[in-house]
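Undergrad: Numbering (the UniProt record's numbering), first residue to last: 1 to 393. Handing you this structure, nothing more for now.
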Ligand SMILES: Nc1ncnc2c1ncn2[C@@H]1O[C@@H]2COP(=O)(O)O[C@H]2[C@H]1O
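The following block contains the structure:
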């Protein structure tokens, strides 16, 4: 008799990746008739993955399914007249649009997470010296994507990571390839480039330096590599495998990116930012909620947070003369931001910020602010000058 364990093993070794890919495609496409879609999807993979007899079996299942759904349609519309299109029922059912799926880079992380919870995860264990472990932990503690891990999860990730050395000029990731690994840079410099229009040369996007990570998109969304990455100098990277990423990091990271995607796209300050860079901000965001009347920021204090309003309103007040009560100088609504001056100029808070309704903000710490909003430095400084007059700074 087949035991439960044997069945589990069978699912994991034989079926898992196939089912995972198929369910991901369904979540991406959200087809109206999932049964039809699944059959089409399997057939569309059959050129490379199935034997002749499996292919034939699927094809006959598909015809059966199609005639069944046709019959159902006919009986539910028994009073209506047969129209022309019924005669065309023999036309080929379109095959699942694989190309379109690849272009989509967003899937309901929650739905995916639920599906993707596997029971018998055995993390790989790559032996390391204490010095190596300490170096990896140090890098992970600074990488925003790993910030939410607890000690136990962090240890699993450290044990599972592999140290990999590259020489200057090595190709680490090639756009369009399948990807199964995420990289955290330990030393050296790499460059990222992307072909935006087929046939045209690639465009330089960014450099990666120690502490940065890359290669997460293919793992988060089961899509081909979205860009190419090459070393500029000799490099050491820590490499995390897909299995460990899926179990330990993926759910929270994907949920965070998805949770903040629409909000960040609506913030005017970020509107000219590359959408990919913008989505990365999510990794470092935290939510802070205040009641009406709460003081979010106190004039004269030092602070480490930058705030963007997700919901609610607030005002800025400022004391112009010692002993006088502070005067209202500005109002804030969803999509507005505050708290940047202290981080930009290294000065104490220039005003109070008080919630005038229930207020929900997303916040970025000082380090993330510098690293992620660094490219917006000019806009932030230009905007800050606008209220120099109002705030008397
Ligand atoms: N603008 C960008 N678009 C897509 N990927 C980018 C971009 N900038 C950097 N990357 C990184 O390049 C990596 C290529 O592999 P992945 O698609 O797995 O994950 C990608 C990101 O980590």
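All C-beta atoms, glycine included, are put in the ideal place defined by N, C-alpha and C. All values reported here derive from a predicted model rather than from experimental measurement.
#1: Relative to ligand 3, what is the chain-ordered list of residues with a Cβ closer than 6 Å to any of its non-hydrogen atoms?
#2: Using the rule of at least 16 other Cβ atoms within 10 Å of the residue's Cβ for burial, across every protein chain shown, is residue 7 buried or exposed?
#3: When DSSP builds the beta bridges, which residues end up paired with residue 241?
#4: Tell whether a beta-carbon distance below 7 Å holds between residue 186 and residue 238.
#5: Taking the C-alpha atoms as reference points, what is the distance between residue 176 and residue 314?
#6: At 4 residues or longer, what runs of the alpha helix (DSSP H) sit wholly inside the segment 302-338?
#7: Quick check on this structure: which residue in 5, 322, 254, 380 has the alpha carbon closest to the alpha carbon of residue 344?
#8: If I measure Cβ to Cβ from residue 293 and keep anything under 6 Å in the same chain, skipping five residues before and after, which residues do I get?
#9: What are the complete beta strand (DSSP E) segments, minimum 3 residues, inside the UniProt domain "Cyclic nucleotide-binding" (145-266)?
#10: Since residue 373 is in the alpha helix (DSSP H), which residue starts that stretch and which ends it?
#11: What's the gap between the Cα of residue 193 and the Cα of residue 356?
#12: Considering only the beta carbon of each residue, do residue 160 and residue 184 sit closer than 7 Å?
#13: Any contact between the segment 297-317 and the segment 332-350? By contact I mean 3 or more CB pairs, one from each, below 8 Å.
#14: Using CA atoms only, rank isn't needed, just tell me which of 249, 328, 181, 302 is closest to residue 153.
#15: Under 7 Å, do residue 145 and residue 283 count as touching if we go by C-beta distance?
#16: Taking residue 246 as the reference, which of 222, 261, 226, 232 has the closest Cα?
#17: Any idea if residue 468 is buried or exposed, counting beta-carbon neighbours within 10 angstroms, 16 or more meaning buried?
#18: Three-state secondary structure (DSSP) at residue 295?
#19: Flag this pair as touching only if the segment 272-282 and the segment 165-172 have three or more C-beta atom pairs under 8 Å; answer yes or no.
#20: Can you name the start and end residues of the alpha helix (DSSP H) that residue 286 belongs to?
#21: Please state if the CB of residue 182 and the CB of residue 216 are separated by a distance shorter than 7 Å.
#22: DSSP three-state call for residue 272: helix, strand or coil?
#23: Contact defined as beta carbons within less than 8 Å: I believe residue 349 pairs with residue 305. What is the distance between those atoms, to the nearest angstrom?
#24: Which class does residue 351 belong to by DSSP, given the choice of helix, strand or coil?
#25: So for residue 24, helix, strand or coil by DSSP?
#26: Taking only the alpha-carbon atoms, compute the straight-line gap between residue 307 and residue 270 and give it to the nearest angstrom.
#27: Return the chain-ordered list of same chain residues with a C-beta closer than 8 Å to the C-beta of residue 377, the five sequence neighbours on each side being excluded.
#28: Compute the Euclidean distance between the alpha carbons of residue 361 and residue 267, then round it to the nearest angstrom.
#29: Can you round the beta-carbon distance between residue 341 and residue 309 to whole angstroms, since I take them to be within the 8 Å contact cut?
TA: Taking the coordinates as given:
#1: Annotation note on ligand 3: not contained in the displayed structure, which lists ligand 1 as its ligands.
#2: With fewer than 16 Cβ atoms within 10 Å of its Cβ, residue 7 is classed as exposed.
#3: 181
#4: yes
#5: 46 Å
#6: Within the segment 302-338, no run of alpha helix (DSSP H) at least 4 residues long lies entirely inside it.
#7: 380
#8: none
#9: 162-166, 171-173, 181-187, 190-194, 203-208, 228-231, 235-241
#10: 366-373
#11: 45 Å
#12: Taking 7 Å as the Cβ cut-off, residue 160 and residue 184 do not qualify as a contacting pair.
#13: Pairwise C-beta distances place the segment 297-317 in contact with the segment 332-350, as three or more of them are shorter than 8 Å.
#14: 249
#15: Yes, these two residues count as a Cβ contact at 7 Å.
#16: 222
#17: Any property of residue 468 remains undetermined from this structure, which presents the chain solely from 1 to 393.
#18: Note: residue 295 maps to strand in three-state DSSP.
#19: Output reads no: the segment 165-172 does not touch the segment 272-282.
#20: First-last for residue 286: 286-290, but that is the beta strand (DSSP E), not the alpha helix (DSSP H).
#21: yes
#22: Residue state, collapsed to three classes: coil.
#23: Residue 349 to residue 305, Cβ: 10 Å. No contact.
#24: coil
#25: helix
#26: 13 Å
#27: 344
#28: Between residue 361 and residue 267, the C-alpha separation is close to 12 Å.
#29: Contact flag wrong, Cβ pair sits at about 16 Å.
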